[in-house]
Amino acid sequence: MKKAGAVDDVPPSEVLPGSLIEVRPGERVPLDGVVTGGFSVLDTSAMTGESLPVEAGSGSPVLAGYINGQGVLEVRTERDWRHSALARVQEQVEAASGRKSPLEGRLSSFSRIYTPLVISIAALVFLLYPLVTSGSWADGLFRALVLLVISCPCALVLSIPLGFFAGIGRAARQGILLKGSNYLDALRKVKTVVFDKTGTLTEGVFSVDEVLPRDGVSPEELLYWAAHAELSASHPLGRSIVKAYEGTLFPDRVAELVEVTGGGVSARVEGRPVLVGKKSFLQEAGVRTEEGEDHGVTVYAALDGILLGCLRLSDRVKPGAERAVRKLRELGVSNLVMLTGDSSSAGTEVGLKLGMDEVFCGLMPAGKLEHVRRLRPETGLLAFVGDGMNDAPSLAAADIGIAMGGVGSDTALQAADVVVMKGDPLAVPLGMMLSQATERIIVQNIVLILGVKILVMVLGILGLAGMWAAVMADVGVCLLAVGNSMRIFRVKLDM
Ligand SMILES: [Mg+2]
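Under this note's numbering, read the sequence shown as residues 12 to 506, first letter to last.
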């Protein structure tokens with residue numbers, strides 16, 4: 012905290028709204044506020060999920076949770092710690108998980124009917140047998156006992172959780188971790204799927220899509236100069252350009268590297284001046300560039316003060332994303348929505364290209380949460396798929412929260428019900444298919460078990476099945492149900 016010119020270290024909880032604080036390079040912004048001095052680049056991914064840094068200067072609003080880049084920022088705080096954006100995300104996660112409706116178990120409702128029914132039938136057999144057939148009471152008692160043994164629901168009680176355990180095991184083998192069998196059961200009822208964009212449907216990392224040199228320059232040449240100038244730059248776009256260059260890199264050919272925050276880099280490569288950065292950055296240095304609007308993220312490069320061309324970068328859509336969307340439709344999902352913290356037109360295009368019904372952009376964690384609450388379908392369930400801390404409240408609020416485990420933040424993994432290990436969007440339809448397959452096997456088990464039991468029960472009442480038949484039938488169907496449940500490991504899942 013800054014007071015009368017001096018800077019003091021104090022915990023964020025003690026800073027009152029309206030105080031001046033200093034945020035040094037590499038530090039997390041502790042409180043919400045407005046920048047009053049300094050210039051820097053902020054990593055806002057915790058709050059927006061976006062990987063591209065955002066410039067901040069005097070007058071820019073900042074939120075707790077942003078990470079400061081290179082410059083020192085002076086910030087006038089607007090809220091105290093308890094009301095900061097960061098504290099509210101945690102609060103929303105807790106509130107949303109508490110309000111989640113429990114997914115009911117099938118077994119408890121079944122046993123409420125089955126147990127009294129079977130006992131009354133046995134009692135009736137015992138009482139009516141001697142009266143109807145003029146047999147002895149002992150005979151009646153024996154038949155009632157046979158009935159009780161065969162009706163023993165242990166095979167049923169075993170088969171349902173067994174079916175789910177096998178399903179959870181199969182899901183784990185595909186890299187889908189479920190935090191309970193109820194989520195495996197619920198997945199097949201999903202009618203609305205809401206996706207986050209960056210890191211969930213897209214890689215979350217920018218890569219060079221197009222190399223557009225001016226006439227007389229080869230693409231390799233353009234990449235050679237740009238990659239060398241960016242060789243030791245810290246900006247994510249610079250690193251992507253270095254990655255895109257396939258030839259050998261020579262660090263000793265680079266000198267005088269200067270990184271201009273929010274602009275680009277200038278360096279000497281092989282002793283010749285190279286500029287790489289925004290169009291405005293090159294223009295300020297006197298480089299002539301073509302006029303016209305840029306599409307998406309474009310980086311320009313110049314050698315000896317003359318334009319070499321430009322590189323177009325984009326956040327690539329994950330390979331499985333399109334197929335996942337198509338498969339979800341086939342599986343009966345009626346509403347597909349994308350929510351993103353990205354506010355660029357390129358961001359919106361991604362969702363529409365993938366075939367989403369609706370796309371909402373420029374959302375903060377609370378905005379996403381609001382949409383998730385509003386989108387909940389009247390019949391069926393809503394699944395939210397996300398990866399970042401900004402998705403955590405929505406993950407907790409959705410009927411089923413699915414987190415991308417490969418790249419996801421800890422907060423997201425904690426708030427989710429299902430974790431997809433490799434971050435592959437195809438895991439969502441895969442999980443739904445496994446849920447359906449598990450359901451089929453459990454229904455088969457129930458039909459098989461009840462069928463055999465009712466048959467032997469009737470035979471028992473008629474005196475055609477003795478105690479041994481009752482025991483054999485009970486154990487037999489148990490084993491059959493176990494064998495059938497294991498089939499889930501061999502079910503083919505066509506994508
Ligand atoms: Mg994200």
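Just so it is clear, CB atoms sit at the ideal spot from N, CA and C, and this is done for glycine as well.
- Taking all protein chains shown into account, VAL298 has 16 or more neighbouring C-beta atoms within 10 Å of its C-beta and is therefore buried.
- Taking 7 Å as the cut-off, one finds at least one heavy atom of ligand 1 near enough to the beta carbon of THR209.
- Residues of the same chain with a CB within less than 8 Å of the CB of MET497, apart from the 5 flanking positions on each side, are ALA177 in chain order.
- As DSSP reads the structure, PHE395 sits in a beta bridge with VAL205, GLY412.
- With distances taken between CA atoms, LEU97 lies nearest to VAL40 out of ASP150, GLY273, PRO172, VAL40.
- A buried status is given to GLY274, since no fewer than 16 other beta-carbon atoms sit within 10 Å of its beta-carbon.
- Per DSSP, reduced to three states, the secondary structure at MET432 is coil, with no helix or strand assignment.
- By the C-beta criterion, the region 373-391 is judged to be in contact with the region 344-354, since at least 3 inter-stretch pairs fall below 8 Å.
- Cβ-Cβ separation between ASP326 and THR209: approximately 6 Å, consistent with a contact (criterion under 8 Å).
- Just so you know, the alpha carbons of LEU461 and GLY180 end up roughly 26 Å apart.
- Here the alpha carbon of VAL52 sits roughly 4 Å from the alpha carbon of GLU66.
- For GLU341, the enclosing alpha helix (DSSP H) starts and ends at 332-341.
- Counting every other CB atom within 10 Å of its CB across the protein chains shown gives HIS246 a total of 16 or more, marking it as buried.
- The closest CA to that of LEU188, considering only LEU424, SER345, THR59, GLU267, is found on LEU424.
- For VAL45 against PRO72, the beta-carbon gap comes to about 5 Å, under 8 Å, which counts as contact.
- The beta-carbon separation of ALA448 and ILE499, rounded to 6 Å, stays under the 8 Å limit for a contact.
- Judged by DSSP secondary structure, ILE171 falls within the alpha helix (DSSP H) whose first and last residues are 165-184.
- With fewer than three CB-CB distances shorter than 8 Å, the region 468-481 does not count as touching the region 227-236.
- Look at GLY399: its beta carbon is less than 7 Å from one of the heavy atoms in ligand 1.
- Taking the Cα positions, LEU491 is about 21 Å away from TYR125.
- Within the chosen limit of 7 Å, ligand 1 does not reach the beta carbon of GLY249 with any heavy atom.
- Counting along the chain, ARG87 sits inside the beta strand (DSSP E) bounded by residues 84-88.
- Contact holds between the region 165-176 and the region 433-453, because three or more Cβ pairs, one in each stretch, are under 8 Å apart.
- Contact between the region 214-223 and the region 246-263 is present, with at least three C-beta pairs closer than 8 Å.
- One Cα belongs to CYS165, the other to CYS372, and the distance between them is close to 52 Å.
- Judged by DSSP secondary structure, CYS372 falls outside any alpha helix (DSSP H); it is assigned neither H nor E.
- Relative to the non-hydrogen atoms of ligand 1, the Cβ of ASP402 comes within a distance shorter than 7 Å of at least one.
- GLY76 has its Cβ no nearer than 7 Å to any heavy atom of ligand 1.
- ILE32 is bridged by DSSP to VAL86.
- For ILE452, the enclosing alpha helix (DSSP H) stretches over residues 438-472.
- In this structure, ligand 1 has no non-hydrogen atom nearer than 7 Å to the beta-carbon of GLY487.
- Cβ neighbours of LEU138 within its own chain (closer than 8 Å, five residues either side excluded): GLY151.
- Beta-bridge annotation (DSSP): MET349 is paired with PHE206, VAL370.
- Under the DSSP assignment, ASP54 falls outside any alpha helix (DSSP H), being part of the beta strand (DSSP E) whose first and last residues are 51-54.
- In this structure, VAL276 sits away from VAL265, with a CB-CB distance that is not shorter than 8 Å.
- For GLY60, the Cβ falls inside the 7 Å cut-off from some heavy atom of ligand 1.
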